[in-house]
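S.K.: Residue numbers (our numbering): 21 to 225.
Structural data, given as structure tokens:
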């Protein structure tokens, strides 16, 4: 029993090491285009803008739409690297009970653990970074440029009440999606087990 618990502990540490220490996922997200060019995690236009996107393009606001889309996702890419330290803090607090539940859990059990333990802290850290980045990369300016013509369109909805929150939520959703996909690879594919610790837990298969 003790050996099994040790294996469970090693599994989570190994997954965490492979995902965080090697920084595969975080490096992918933080590079320019990491969000924008990945349809699985790309932050979409807010619903109120998406609804009138065609009309805005017809009115000549296509360039502003594209820049808004790009800069919004770039802000998420700027914040993504900050997740690494927060994930490690969550891992340090992990108990043997947590490790057992993760090893016995589904394909994304480790990701779900990190989400439960770190999502609140990540939001606190990401939000001001994204707010600052949105100003620097032009999200706020582009949004203001689009808001004026949107107000004049029929059936248009009101402004996004919390643009910072919208982009922060999108950034975190994308981050956890990518973590989950990496965890699935580690569990299912021997070639994806990059650390010695994971190879020990799973064997040399």
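Backbone N, C-alpha and C fix where the C-beta goes; we use that ideal spot for every residue, glycine too. Remember, predicted model here, so these are calculated numbers, not experimental data.
Would the beta-carbon of residue 78 be found less than 8 Å away from any heavy atom of the ligand NAP?
M.R.: Absence of the ligand NAP is noted for the structure shown, with no ligands found whatsoever.
S.K.: Please report the distance separating the alpha-carbon of residue 91 from that of residue 64.
M.R.: The alpha-carbon atoms of residue 91 and residue 64 are separated by roughly 12 Å.
S.K.: Alpha helix (DSSP H) containing residue 204: first to last residue?
M.R.: From DSSP, the alpha helix (DSSP H) with residue 204 extends over 183-208.
S.K.: Does DSSP classify residue 180 as helix, strand or coil?
M.R.: In this structure, residue 180 counts as coil in the three-state DSSP scheme.
S.K.: On a Cα-Cα basis, can you pick out the residue from 52, 94, 66 that is closest to residue 157?
M.R.: When only C-alpha atoms are compared, the closest one is 94.
S.K.: Let me make sure I understand the geometry here. Which of 197, 104, 191 has the alpha-carbon closest to that of residue 15?
M.R.: In the structure as shown, the chain begins at 21 and stops at 225. Residue 15 is therefore absent and cannot be evaluated.
S.K.: Which same chain residues, not among the five before or five after residue 43, have their C-beta less than 7 Å away from its C-beta?
M.R.: Caution applies to residue 43, whose pLDDT of 47 falls short of 50 and renders its modelled position unreliable; the value that the coordinates give is listed next. These residues qualify, in order along the chain: 104.
S.K.: I'd like to know if the segment 139-150 and the segment 188-195 are in contact, where contact means that at least 3 CB-CB pairs between them fall below 8 Å.
M.R.: Touching, yes, given that three or more Cβ pairs across the two stretches are closer than 8 Å.
S.K.: In the DSSP assignment, find the alpha helix (DSSP H) that holds residue 93 and state where it starts and stops.
M.R.: Looking at the DSSP string, the run of the alpha helix (DSSP H) that includes residue 93 is 82-99.
S.K.: Taking the alpha-carbon positions, what's the residue 80 to residue 100 distance?
M.R.: Near 33 Å, if we compare the C-alpha coordinates of residue 100 and residue 80.
S.K.: With residue 174 as the anchor, note down where its alpha helix (DSSP H) starts and where it stops.
M.R.: Run containing residue 174: none; DSSP gives neither H nor E here.
S.K.: Count the other CB atoms within 10 Å of the CB of residue 52; is the residue buried (16 or more) or exposed (fewer)?
M.R.: Residue 52 comes out exposed.
S.K.: I need the boundaries of the alpha helix (DSSP H) containing residue 111, first residue and last residue.
M.R.: Note, residue 111: alpha helix (DSSP H), 103-112.
S.K.: Report back the beta-carbon spacing between residue 166 and residue 56 to the nearest angstrom; my notes put them in contact at under 8 Å.
M.R.: About 18 Å; that fails the 8 Å criterion.
S.K.: Please state whether DSSP places residue 59 in a helix, a strand or coil.
M.R.: Three-state result, residue 59: coil.
S.K.: At the level of alpha carbons, what is the spacing between residue 122 and residue 130?
M.R.: Rounded to whole angstroms, residue 122 to residue 130 spans 6 Å at the Cα level.
S.K.: Taking a contact to mean a Cβ-Cβ separation below 9 Å, would you say residue 109 touches residue 141 in this structure?
M.R.: Going by C-beta atoms, residue 109 is nearer than 9 Å to residue 141.
S.K.: Report the rounded CA-to-CA distance for residue 164 versus residue 78, giving the unit in angstroms.
M.R.: So the two alpha carbons sit approximately 18 Å from each other.
S.K.: DSSP on residue 148, reduced to helix/strand/coil?
M.R.: DSSP places residue 148 in helix when its eight states are reduced to three.
S.K.: Thinking C-alpha only, which one of 58, 62, 54 is nearest residue 186?
M.R.: Residue 186 has its Cα closest to that of 62, out of 58, 62, 54.
S.K.: Could you give the residue range of the alpha helix (DSSP H) that holds residue 128?
M.R.: Note, residue 128: premise wrong, no alpha helix (DSSP H); not H, not E.
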